[in-house]
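Report on one structure; see the data block that follows.
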Amino acid sequence: MARKKKRVHEMIDTKTENLIPPVPAMRKLRIPMPLTKIALAVLILGIVAIFVSNKGLLVAAIVNGRPIFRWQLNQAMTARFGQQTLEGMISEALIADEARKSGISVSQADIDAKVSDIVASLGGTVSIDDLLKYQGMSRGEFENQIRLQLTVEKLLGRDIVVTDDDVKNFIATNSATLTATDEAGLKEEARDAIMSAKINEKLQSWFLELKDKAKILRFI
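Numbering (the working numbering), first residue to last: 174 to 393.
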């Protein structure tokens, strides 16, 4: 009996050893030199391709073989127009914040309607695109200015009241300069003109107050 048990135990040990194969020692992989050179060449070509396709991000112009770098252009533009541009951006940010606080928004439909009014006021003598081109302004910049104007009008126009007497007196005083030909059109034109005048009266003091209350940190 003892011999049989020993044989069974030996058989189990033998099978277990066969089930778990020895783990081979790890060897370092060696990348062939040709592959390393190819990878390096691909990397260099990729960098060159990025530079060529985005050269405007690094170089603004090349004059007689000498580059004018983008950072030089940015530095010159900041020195000449930076303060003015920054103040304009600060003003836009302040007005946008005030509009958000007041729950006021300007839709694309509002902008399109205002653009249509401007086009109509041109009387077909010049297209809006030609006018923008002459002023060096893109369509997007133009619409952004319209959005800003309408936002200010909505912010300041909430507290302005234009009475029927105001309209009547305005028409009587400015009938020669009004373009509408019917009574309803004259009243609408007069009301808009009065509203614009009253907004302009409030604009400077309102904006200075808005600016004084804001926390503005300037670094240039």
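Think of the CB as a built atom: it goes at the ideal place given N, C-alpha and C, for glycine as much as any other residue.
Limits of the unbroken beta strand (DSSP E) element including R239: Start at 1 with the first residue of the sequence shown, and residue 239 comes out as number 66. Residues R239 to F242.
Three CB pairs or more closer than 8 angstroms across the segment 354-367 and the segment 307-327: no
State the start and end residues of the unbroken alpha helix (DSSP H) segment that holds I291. Sequence index remark: in the sequence shown, residue 291 carries index 118 (1-based). Here the alpha helix (DSSP H) through I291 covers Q281 to L295.
Could you tell me how far apart the beta carbons of L321 and I241 are, in whole angstroms, since I believe they sit closer than 8 angstroms? On the sequence shown, residue 321 is found 148 positions in, with the first residue counted as 1. On the sequence shown, residue 241 is found 68 positions in, with the first residue counted as 1. The Cβ separation is near 33 angstroms, so there is no contact.
Once the 5 residues before and after L329 are set aside, which same chain residues still bring their CB inside 7 angstroms of it? In the sequence shown, residue 329 corresponds to position 156, counting from 1. Contacts found: I372, K375, L376 and W379.
Quick one: what does DSSP say I367 is sitting in, helix, strand or coil? As a first step, residue 367 must be located in the sequence shown, where it is residue number 194. I367: helix per DSSP, three-state reduction.
Got a sec, what are the start and stop residues for the beta strand (DSSP E) A233 sits in? Indexing the sequence shown from 1 puts residue 233 at position 60. Looking at the DSSP string, the run of the beta strand (DSSP E) that includes A233 is V232 to V236.
Can you tell me where the alpha helix (DSSP H) holding S278 begins and where it ends? Walking along the sequence shown from the start, residue 278 turns up at place 105. Premise fails: S278 is in no alpha helix (DSSP H) and is neither H nor E.
Can you check whether the CB of I393 is closer than 8 angstroms to the CB of G255? Walking along the sequence shown from the start, residue 255 turns up at place 82. Walking along the sequence shown from the start, residue 393 turns up at place 220. Contact flag set, yes.
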